[in-house]
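Asker:
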Amino acid sequence: MTSLPPTSTLPTLDAEQRAQILDTLFEPCQQLHTLSVSLLREQSFPTYDSLIDAVGQQLLGLFRSNLESDQKWLEAILAAHPRLGEKKVDSEQSRKEQAQLNQGGTEEAEKLAAMNRKYEDKFPGLRYVVFVNGRSRPVIMEDMQQRIDRGDIQLEKQEAIKVGSTALVNPCSLSQVTQTNAFFCSRQKAMCDIAKDRAKKLGG
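Under the numbering used here, the residues of the sequence shown are numbered 418 to 621, in order.
(1) Closer than 8 Å is the cut-off here; do at least three beta carbon pairs connect the stretch 552-567 with the stretch 518-537?
(2) Mind checking which residues open and close the alpha helix (DSSP H) that includes Gly478?
(3) Just curious, the alpha helix (DSSP H) that Ala496 is in, first and last residue?
(4) Among Asn550, Gly551, Arg552, Pro499, whose alpha-carbon lies nearest the alpha-carbon of Ala530?
(5) With distance defined between alpha-carbon atoms, name the residue in Ile438, Val454, Asp569, Asp487 nearest to Ser420.
(6) At a cut of 8 Å, does the stretch 480-499 reach the stretch 567-575 through at least three beta carbon pairs?
(7) Are the CB atoms of Phe443 and Leu449 within a distance shorter than 7 Å?
(8) Please state the DSSP three-state secondary structure of Leu457.
(9) Going by DSSP in three states, Pro588 sits in which element: helix, strand or coil?
(10) Assuming Ala577 and Tyr465 form a contact by the criterion Cβ under 8 Å, report the distance between their Cβ atoms to the nearest whole angstrom.
(11) Leaving aside the five residues before and after Leu454 along the sequence, list all residues of the same chain whose C-beta is less than 8 Å from its C-beta, in chain order.
(12) Using the Cβ count rule (16 or more neighbours within 10 Å means buried), how would you classify Val546?
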């Protein structure tokens, strides 16, 4: 998809077309289709940012659920993002976003691959998701190591589905901010912000 249709036309599109829009903004994922394709028909959105925030709220609902099935569903959606530095990436948007990461030497690429494995061993079912936004491999790998050392899988899920300009659960607004929550507040934006960046580039 080289451009996005006006949001006013989304309810008139068929299910396959709405799924394609979700694939473009996020990543191809059957679980996300099941969760969100109907949303694009049932609600009107003035902007793609508001649509993306609404999808983020659906993901938040899964995150807050006590059902193991909902957690597995969320993990499948988060895992749809390709690993950073992978040579074979199906998503055209991800290929463009990761282009800079794939320009380094072989040794650095191997280190990044090792960090991906280390992250996924630490957080089974998840993949490291971050808004790359021009950052270099060393900066990315330092961030990965910090998150591995922190070892909090719930915060990993929160950061991956951050909505809007504030966190899904905004610890920064509380009177007492723990060191972990302060770290959470300073994190780079991830999944929803990647989607918003894609929408902007595609004229949405």
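Here a beta-carbon is modelled for each residue, glycine too, at the ideal position from N, C-alpha and C.
Answerer: Based on what the coordinates show:
(1) yes
(2) As a first step, residue 478 is located in the sequence shown; it is residue number 61 there, counting from the start. Element bounds for Gly478: 465-481.
(3) Along the sequence shown, one-based indexing puts residue 496 at 79. From DSSP, Ala496 is part of no alpha helix (DSSP H); its letter is neither H nor E.
(4) Residue mapping note: residue 530 aligns to position 113 of the sequence shown, counting from 1. Of Asn550, Gly551, Arg552, Pro499, the residue nearest in Cα terms is Pro499.
(5) To locate residue 420, count along the sequence shown from 1; it is residue 3. For Ser420, the nearest C-alpha among the options comes from Ile438.
(6) yes
(7) Walking along the sequence shown from the start, residue 449 turns up at place 32. Walking along the sequence shown from the start, residue 443 turns up at place 26. Yes; because the gap between Cβ atoms is below 7 Å, this pair is in contact.
(8) The residue labelled residue 457 in the question sits at position 40 within the sequence shown. Looking at Leu457 - three-state DSSP - the assignment turns out to be helix.
(9) In the sequence shown, counting from the first residue as 1, residue 588 sits at position 171. For Pro588, the predicted structure reports a pLDDT of 34, less than 50, and the residue's modelled location is therefore unreliable. A value from the coordinates is still provided. Note: Pro588 maps to helix in three-state DSSP.
(10) Here residue 577 corresponds to residue number 160 of the sequence shown, with the count starting at 1. Here residue 465 corresponds to residue number 48 of the sequence shown, with the count starting at 1. Incorrect: roughly 19 Å between the Cβ atoms, too far for contact.
(11) Counted from its first residue, the sequence shown places residue 454 at position 37. According to the sequence displayed, residue 454 carries Val and not Leu. The residues are Ala432, Arg435, Ala436, Leu439.
(12) Numbered from its first residue, the sequence shown carries residue 546 at position 129. With 16 or more other Cβ atoms within 10 Å, it is buried.
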